[in-house]
Amino acid sequence: MTAEQHARSLFDVLPAEVRHLVILGGGSLRAFYDGTEIKDIDCFFVSLASYTYVAAYLSGRNDWTSEAAPNGIRNFRSPEGHLVSLIGFEFGTPHEHCARFDLRCCAHVAIYEPSTDEVVVVSLEGAVADASEKLLFVLNNNGTERTIRRITHYVEDYGYTLHPDQPEQDELFEDDDFPGHAPQGVHTPPKAPEPEYILRARRRVRAIPVTNHGYP
29 MTAEQHARSL
39 FDVLPAEVRH
49 LVILGGGSLR
59 AFYDGTEIKD
69 IDCFFVSLAS
79 YTYVAAYLSG
89 RNDWTSEAAP
99 NGIRNFRSPE
109 GHLVSLIGFE
119 FGTPHEHCAR
129 FDLRCCAHVA
139 IYEPSTDEVV
149 VVSLEGAVAD
159 ASEKLLFVLN
169 NNGTERTIRR
179 ITHYVEDYGY
189 TLHPDQPEQD
199 ELFEDDDFPG
209 HAPQGVHTPP
219 KAPEPEYILR
229 ARRRVRAIPV
239 TNHGYP
């Protein structure tokens, strides 16, 4: 199976009437390269109008069910049981979406061309190698602690390791290991030391300015 065939199988989950409005991206495409389980199918959009249309279309179908989701996202369950997430808090071209992911291994998008019945997959340079070799290179800092949690998830649940070529700050900030003063009479247990890979990840993430345009 090729990456395009894999992406087509994901598009096939969606009703034919809306496939051309969707930009697939992230983990469901990354899974083709690293073999991890697909938990949901993230759908991105060029415009708010496309997002609103697809959300309304799926809401109007009796065979699709709406599920709880964070702000800016609409979750739907397909008749076959697939979870489809419509991402509505950022819009743009396929290449713009591709560049917004926090981890380079996730920087893959796919579009469907109805006029030619073709599926096109676009990946940032290095993204295929990162996913195939399970390496973590941070592209966007979506908030340091949030990005660290994402890295922890990929290391502990997917078996990823930090990319050997990403620069790190020489030192952590002075307060990284300082828990602060507890109120008088309150005794808190000492903070457990973080694994070495987390300390290294912090030095990498903090070298990147925080952005609110990144994706999980």
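Residue 244, in the working numbering, is where the sequence shown stops; the numbers in between run on with no holes.
Note that beta-carbon positions come from the ideal geometry of N, C-alpha and C, so glycine has one too.
The structure displayed is predicted, hence computed values, not measured ones.
Among residues of its own chain, excluding the 5 on either side of Y188, which ones have a beta-carbon nearer than 6 Å to its beta-carbon?
-> Locating residue 188 in the sequence shown gives position 160, counting from the first residue. Here the set comprises K162, L164 and Y182.
With a Cβ-Cβ cutoff of 8 Å, do S56 and D70 count as a contact?
-> In the sequence shown, counting from the first residue as 1, residue 56 sits at position 28. In the sequence shown, counting from the first residue as 1, residue 70 sits at position 42. For S56 and D70, yes; Cβs fall inside 8 Å.
Check whether the Cβ of C133 lies closer than 7 Å to any heavy atom of the ligand NAP, and answer yes or no.
-> The ligand NAP is not part of the structure shown, which contains no ligands of any sort.
Do the CB positions of F60 and A31 come within less than 8 Å of each other?
-> Here the question's residue 60 lines up with position 32 in the sequence shown. Here the question's residue 31 lines up with position 3 in the sequence shown. Yes. Within cutoff.
Name the residue from E222, N169, E196 and Y140 whose alpha carbon lies nearest to the alpha carbon of E45.
-> Residue numbering aside, residue 45 sits at position 17 when the sequence shown is read from its first letter. Selected option, being the one with the closest Cα: Y140.
What number of angstroms, rounded off, separates the C-alpha of G109 from the C-alpha of S37?
-> Translated into the one-based positions of the sequence shown, residue 109 becomes position 81. Translated into the one-based positions of the sequence shown, residue 37 becomes position 9. Going by the C-alpha atoms only, they are around 14 Å apart.
Thinking C-beta only, is V137 closer than 8 Å to G63?
-> Walking along the sequence shown from the start, residue 63 turns up at place 35. Walking along the sequence shown from the start, residue 137 turns up at place 109. Cβ distance not < 8 Å, so G63 and V137 don't count as in contact.
How about A229 and I179: do their beta carbons lie closer than 8 Å?
-> For the purposes of this step, residue 229 is taken as the residue at position 201 of the sequence shown. For the purposes of this step, residue 179 is taken as the residue at position 151 of the sequence shown. In contact: A229 and I179 (Cβ atoms closer than 8 Å).
Closest Cα partner of L114 within the set R132, A84 and D91 | In the sequence shown, residue 114 corresponds to position 86, counting from 1. Here the closest residue by C-alpha is A84.
Is D70 helix, strand or coil when you go by DSSP?
-> Within the sequence shown, numbered from 1, the residue matching residue 70 stands at position 42. D70: strand per DSSP, three-state reduction.
T121 - DSSP class collapsed to helix/strand/coil = Numbered from its first residue, the sequence shown carries residue 121 at position 93. Residue state, collapsed to three classes: coil.
If you draw a straight line from the C-alpha of E202 to the C-alpha of E196, how long is it?
-> The count along the sequence shown starts at 1 and reaches residue 202 at position 174. The count along the sequence shown starts at 1 and reaches residue 196 at position 168. Reliability fails at E202, whose pLDDT of 44 lies under 50, so the model's placement of it is uncertain and no value is given.
Mapping DSSP to helix, strand and coil, what is A31?
-> Start at 1 with the first residue of the sequence shown, and residue 31 comes out as number 3. A31: helix per DSSP, three-state reduction.
Could you give the residue range of the alpha helix (DSSP H) that holds A59?
-> The sequence position of residue 59 within the sequence shown is 31, counting from 1. It spans G55 to D62 - the alpha helix (DSSP H) in which A59 sits, taken as one unbroken run.
Cutoff 7 Å; reference R174; Cβ partners in own chain excluding five residues on either side | The residue you call residue 174 lines up with position 146 of the sequence shown. So the list is empty, once near-sequence residues are dropped.
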